[in-house]
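Encoded as structure tokens, the structure appears first; notes follow it.
Number of protein chains: 2
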Amino acid sequence: MNNIKRVQLQPIPLKQVKISGGFWSKYAKLIKEVTIPYQWEVLNDRVPGVPLSHAIKNFRIAAGEMEGEFAGMVFQDSDVYKWLEAVSYSLAVYPDPELEKIADEVIDLIARAQQSDGYLNTYFIIKEPDKKWTNLRDSHELYCAGHLIEAAVAYYEATGKKKLLDVACRFADHIDSIFGPEPGKKRGYPGHEEIELALVKLYRVTGEEKYLRLSKYFIDERGEKPLYFEIEAKARGDEWDEQWASYFQVHLPVREQTSAEGHAVRAAYLYSGMVDVAVETGDESLIQACKKLWDNITTKRMYITGGIGSSSFGEAFTFDFDLPNDTVYAETCAAIGLVFFAHRMLQIDPDRRYADVMERALYNSVISGMSLDGKKYFYVNPLEVWPEACEKNKVKAHVKYTRQPWFKCACCPPNLARLLASLGKYIYSIRDNELYVHLYVDSEVQTKISENEVKVRQETEYPWDGRIVINILPERELDFTLALRIPGWCKDAKVSVNGEEIDISGIMDKGYAKIKRLWKPGDRIELLLSMTVMRVKANPNVREDEGRVAIQRGPVIYCLEEMDNGPNLNNIVLPKECKFEVKYEKDLLNGVCVIETEAEREDYGSWGEELYKVDVNVSYKPVRIKFIPYFAWANRAPGEMMVWVREK
Amino acid sequence: MNNIKRVQLQPIPLKQVKISGGFWSKYAKLIKEVTIPYQWEVLNDRVPGVPLSHAIKNFRIAAGEMEGEFAGMVFQDSDVYKWLEAVSYSLAVYPDPELEKIADEVIDLIARAQQSDGYLNTYFIIKEPDKKWTNLRDSHELYCAGHLIEAAVAYYEATGKKKLLDVACRFADHIDSIFGPEPGKKRGYPGHEEIELALVKLYRVTGEEKYLRLSKYFIDERGEKPLYFEIEAKARGDEWDEQWASYFQVHLPVREQTSAEGHAVRAAYLYSGMVDVAVETGDESLIQACKKLWDNITTKRMYITGGIGSSSFGEAFTFDFDLPNDTVYAETCAAIGLVFFAHRMLQIDPDRRYADVMERALYNSVISGMSLDGKKYFYVNPLEVWPEACEKNKVKAHVKYTRQPWFKCACCPPNLARLLASLGKYIYSIRDNELYVHLYVDSEVQTKISENEVKVRQETEYPWDGRIVINILPERELDFTLALRIPGWCKDAKVSVNGEEIDISGIMDKGYAKIKRLWKPGDRIELLLSMTVMRVKANPNVREDEGRVAIQRGPVIYCLEEMDNGPNLNNIVLPKECKFEVKYEKDLLNGVCVIETEAEREDYGSWGEELYKVDVNVSYKPVRIKFIPYFAWANRAPGEMMVWVREK
């Protein structure tokens, strides 16, 4: 076993974790009861007024069971796969024979669409059968294959059924016969990364080393000269424009990349795959590259919400400290990708800085992507919105101020569904006789430590309340370490065991309080994370946020909405000394803590008609303002929104 | 004579005005000695490293004197016409036989390229001879015709030579035979307005009423249903997308338009043409529309620099109060168009508000378009620049932080040349026995008042100094009114005649001090405009400028540059009470007044590596900052620039 693998934490499988109550159980329920059925209807084009998906129809046509043309994006298949993956996670936690029957039927359909050589992509089967594998840069064939594989592994793990896994293996085998370093094979790799991490999942579940080798090959080859995208472009009689190299993360071999570049979702998926391959092959050089890329993202290129990708052009990273709030991209899928990357980094290096970012993205830029009713979505997650500008200044046309029922390019909705349905995977990890608690979620985990069954139950109203009660229920007395993450944002954390406070200062290890003792059934830990309202400043190099402050409480970033504070939020200034009042409002936005304070509002008297005026006397009038959690914005009447508020 | 025409001021012809010294004489000299020769070289593709213009070659090919293909934009001809117009104005003021010879040769070439029916457009002659007049929306045929006409009128007025005027008339006659309301004619109008104002010039110089009728027809027909652009699109087998209507100002008949919409240059040219037609036809309804459009622009859609057009998408107006400083467009040509519009409004309503805007645009967004050496140009005139963002965040890719030697779409450089070469036209107007002074420019004007020759000489270092001495030199004692504009920005103006101060409060009329008396040769007026440094605030609805202030002195808007103030200009805050020190630096930027003051800079101590931090202690350290005139930015080392500075 390689070094990295030896030190690696193991996430606890989804089936062993129950999210029982509190904040995330609402999401689990919503995904199961609303989002998954809603998205199924959309994939079948049965929701009036919503852009036609045509995704299921494409499979029917490809399977020869229906007449018609392919429709949708070239990667339309992936919507079905991601939906199936979400279904799998949901079934793992909440068995549901009816849903499983639908899934089985979809899987049968997918299997029927697969060609005899294992090839499976409805766009190429229907529309351009002679163009397979001729444009890896744009065609998303390997991307869709990756999502098929992820769905197959998830469905197998949830149900034990192998049919989709067999489909995935046949396709993976086919891909393996086409691509690789061996003579006669194409030295290609995907335009949109995704298959790398998927193949490692397939390797882990099947034990087939060729899948790991293929994944490693895709990663090793990426960015090597001569560039495959140039070769294949020439073969098509097309041109490769070197300017696009960083968009695809092929500007350098991956081990030489030190800054996060290009399309943010692709980048995050690639980095996740790099960690996976590193873990399985013991490749320290990949880990080192991932650490550099991680540092670059999280210290220079990440919004306070965990959003990544500053520019609508290429849905891409731009450069250090360029984090515009209003022309922002911060795609929901990119925040999801960041969660994937963070979770993987955390397993190889149990340092809270990874969990902090994972939590930051989850509570903010990820769930801001979905309406509270589970049926409407943001693709772009802005930090400042003036609705009229989104409508009328096309520079901001990509920024919507109301969530949409679906998209022509619908990558985000099923991505949200699969992440939120699998949230149980992100809470705990285990290594030898250490049980890590990364996230505070009202939940119960059943696992084995040194061959002994252990149950651990968290009870908490987190993130609204910082009190977490953890019940330890080993089958018998057991010596092990419970590692509790003390979030980076928390300035004061208290831990008591069975009512007795313990001093954690001596047991902190990379942000985790490591409580090692002989645990008895019924031992009870109480963790108190102080949840003061925090004024957050951005690094002074973030020019957009100079003179501004963001409000955070626990892991939740707050914002102002026009609904609560009137129009023109940019004339509100927050005095240096202000007292924040936190209130839980159970009927507001499905129940959230709001933050109120006395601020000031610029007052110009009656300004009149002039556009510019000299020697204006600005006075400030006191105004009570109300912050709501950022993720819950745009769930009421449309209006302005602002995260970074001017500071006086 | 119609009502409007009766009250209209008459600008004094260029030949009667000499700009003798001071600020604008440097520009006049630069245009003549550097810019016109430089642009001639560019038009002939003789400047290494500059995008090939091919504009002269296109005429050679069209004339059948050279083999080759058309190259450049579909409106490439207009670059030559605008250059010729600039040459004409320069010749009117500074006779130059060598330059006139070059111009004559170009005119001969243009005449040889003209077809026997009068048609003249090198793109269509060379490339698509069978597609003439089939796509008025995009083809710029009428736009180029307009520029040909303007050049022809200017050259005739400067030299008395009729050759180009004849060419223009033949083409105008041809156009008149094709377009109009009469049966059998196409009911078209230009995609890019320009010919409207040009035809009125042609009418004025030739007395041919059909040119006025044609101009009026283009204006009357614009926006009427059924929309011609839809008709011609159908005829081409193409589609008309109604979303584009406002881009072309055809969303409504022009008299019903109340807000400035679409492509800002097109809009400004259209509105200018509307005033011209209104004046000549006595059409009050057009004037009323122009007034509404003027008010909309100047009270809601104009940058403090006089720049118009907030968005790079469509180079267009967006909506009221949307004036982003960093994603801005504010094309140089649009500011020039605003000068045209302002100048025309001023003649029909001698109110300083028109002259104030004309002056605002001239001293700021117009001349910011050209480097101090006359050879490099801005297309876009931003109010805030972070160079790295222009390079790496494609949302700002249209914003350059160094002026360019030329452009593929090179409308701005020759437009600057023709405006600056004709500046003399904008200084004075006359009506009956009133002589208006709109702009304070060191200059001499020779005109006739009630049949008597009068010479008036201004001596001034304006805009650096507010003292203007005006010498009145009538051939004999003469009773007339001298109307001196007291700029809107000026809080304290003093006027003395022959050393004796006069109280102007009783003689103010729409911002002009009207001094009526029996003027004797040698009478001497001294006007003192107080030139304090002003802190300007934007209307609170301009969200981008909330909490910020711009610095203005006289008509000149100031900015901070990185060169003088270090990087990250957004962490500079200007205390409410600060003392400004004005210094004339004769060796800086060709001689400018700079403004210095004690400001404060946010100081975070050593921030470290974190991207976000809680409870940061921001201190402010005093810093001396230096403002330079906005128009002169980007003439030294590249760096950040900012007009709207944070206020403490």
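Quick mapping for you: the protein sequence lines, in order, are chains Y and L.
Counting in the working numbering, the first sequence runs from 349 upward without gaps.
Counting in the working numbering, the second sequence runs from 349 upward without gaps.
C-beta atoms are modelled at their ideal positions from N, C-alpha and C, and glycine is treated no differently.
Note that the structure is a prediction, hence the values are computed from the model and not measured.
Alpha carbon of residue 868 (chain L) to alpha carbon of residue 815 (chain L), nearest angstrom: 22 Å
Contacts of residue 737 (chain Y) in chain L (Cβ-Cβ under 7 Å): Near residue 737 (chain Y) (Cβ distances below 7 Å), the residues of chain L are 670.
On a Cα-Cα basis, can you pick out the residue from Y:554, Y:502, Y:532 and Y:540 that is closest to residue 518 (chain Y)? Nearest of Y:554, Y:502, Y:532 and Y:540 to residue 518 (chain Y), Cα basis: Y:554.
Please report the straight-line C-alpha distance between residue 873 (chain L) and residue 402 (chain L), rounded to a whole angstrom. Each residue's alpha carbon lies about 51 Å from the other.
Between residue 714 (chain L) and chain Y, is any beta-carbon pair separated by less than 7 Å? No - not a single Cβ of chain Y is within 7 Å of the one on residue 714 (chain L).
Quick one: which chain L residues come within Cβ less than 9 Å of residue 667 (chain Y)? 736, 737, 739, 740 and 741
Do residue 640 (chain Y) and residue 606 (chain Y) have their beta-carbon atoms positioned less than 7 Å apart in this structure? Cβ distance < 7 Å, so residue 606 (chain Y) and residue 640 (chain Y) count as in contact.
Pull up the distance between the alpha-carbon of residue 890 (chain L) and that of residue 591 (chain L), whole angstroms please. 26 Å
Should the stretch 877-897 of chain L be called in touch with the stretch 945-958 of chain Y, which here means at least 3 C-beta pairs below 8 Å? Because the criterion of three Cβ pairs below 8 Å is met, the stretch 877-897 of chain L and the stretch 945-958 of chain Y touch.
Among the residues of its own chain, which have a CB less than 8 Å from the CB of residue 968 (chain L), if the five just before and after it don't count? Taking residue 968 (chain L) as the centre and dropping the five residues before and after it, the same chain places the C-beta of 921, 948, 949, 950, 951 and 996 closer than 8 Å to its C-beta, in chain order.
Is residue 495 (chain Y) near residue 582 (chain Y), with beta carbons less than 7 Å apart? no
Residues of chain L with CB under 7 Å from residue 675 (chain Y), in chain order? 675 and 743
Decide if the stretch 768-786 of chain Y is in contact with the stretch 688-704 of chain Y; the criterion is three or more beta carbon pairs, one per stretch, under 8 Å apart. yes
For residue 889 (chain Y), which residues in chain L fall below 8 Å Cβ to Cβ? Per Cβ cutoff of 8 Å: 916.
I need the DSSP call for residue 400 (chain L), collapsed to helix, strand or coil. Secondary structure at residue 400 (chain L): coil, using DSSP grouped into helix, strand and coil.
Looking only at its own chain, which residues have a Cβ that is under 7 Å from the Cβ of residue 339 (chain Y), when we skip the five neighbours before and after it? Nothing can be reported for residue 339 (chain Y), as the shown portion of chain Y is limited to 349 through 996.
Per DSSP, which residues does residue 898 (chain L) bridge with? Please list them. L:884
Boundaries of the alpha helix (DSSP H) in which residue 688 (chain L) is found, first to last residue: Per DSSP, residue 688 (chain L) belongs to the alpha helix (DSSP H) from 680-696.
Residues bridged to residue 975 (chain Y) (per DSSP): Y:908 and Y:943
8 Å Cβ cut-off: residues of chain L touching residue 648 (chain Y): 959
Among residues of its own chain, excluding the 5 on either side of residue 792 (chain L), which ones have a beta-carbon nearer than 8 Å to its beta-carbon? 365, 366, 368, 803, 804, 805 and 806
Under 7 Å from the C-beta of residue 690 (chain Y): neighbouring residues of chain L: Within 7 Å Cβ-Cβ: nothing; residue 690 (chain Y) doesn't reach chain L, min ~14 Å.
What's the call for residue 932 (chain Y), buried or exposed, on a 16-neighbour Cβ count within 10 Å? It counts as exposed.
Tell me, which residues are paired with residue 861 (chain Y) by DSSP? Y:832 and Y:856
Here's the rule I'm using: 16 or more other beta-carbon atoms within 10 Å means buried, otherwise exposed. How should residue 870 (chain Y) be labelled? exposed
Against chain Y, with Cβ distances strictly below 7 Å, would residue 894 (chain L) count as a contact? Yes - at least one Cβ of chain Y is within 7 Å of the one on residue 894 (chain L).
Cβ contact (3+ pairs, closer than 8 Å) linking the stretch 593-607 of chain Y and the stretch 632-646 of chain Y: yes
Can you list the residues of chain L that residue 886 (chain Y) reaches, using a CB-CB cut of under 9 Å? Within 9 Å Cβ-Cβ: 959, 960 and 961.
Under 8 Å by Cβ, that's how I've got residue 770 (chain Y) and residue 439 (chain Y) pegged, so tell me the actual separation to the nearest angstrom. Going by Cβ atoms, the distance from residue 770 (chain Y) to residue 439 (chain Y) rounds to 11 Å, so no, they are not a contact pair.
DSSP-derived helix/strand/coil call for residue 573 (chain L): coil
Could you work out which residues of chain L lie near residue 658 (chain Y), taking near to mean beta carbons separated by less than 7 Å? 741
Extent of the continuous beta strand (DSSP E) to which residue 351 (chain L) belongs: First-last for residue 351 (chain L): 351-355, but that is the alpha helix (DSSP H), not the beta strand (DSSP E).
The beta strand (DSSP E) enclosing residue 784 (chain L), as first and last residue numbers: First-last of the beta strand (DSSP E) with residue 784 (chain L): 782-785.
For a cutoff of 7 Å on Cβ pairs, would you count residue 652 (chain L) as touching chain Y? yes
The stretch 563-574 of chain Y in contact with the stretch 645-665 of chain Y per 3-pair CB rule at 8 Å: no
If the criterion is Cβ atoms closer than 7 Å, does the pair residue 609 (chain Y) and residue 665 (chain Y) meet it? yes
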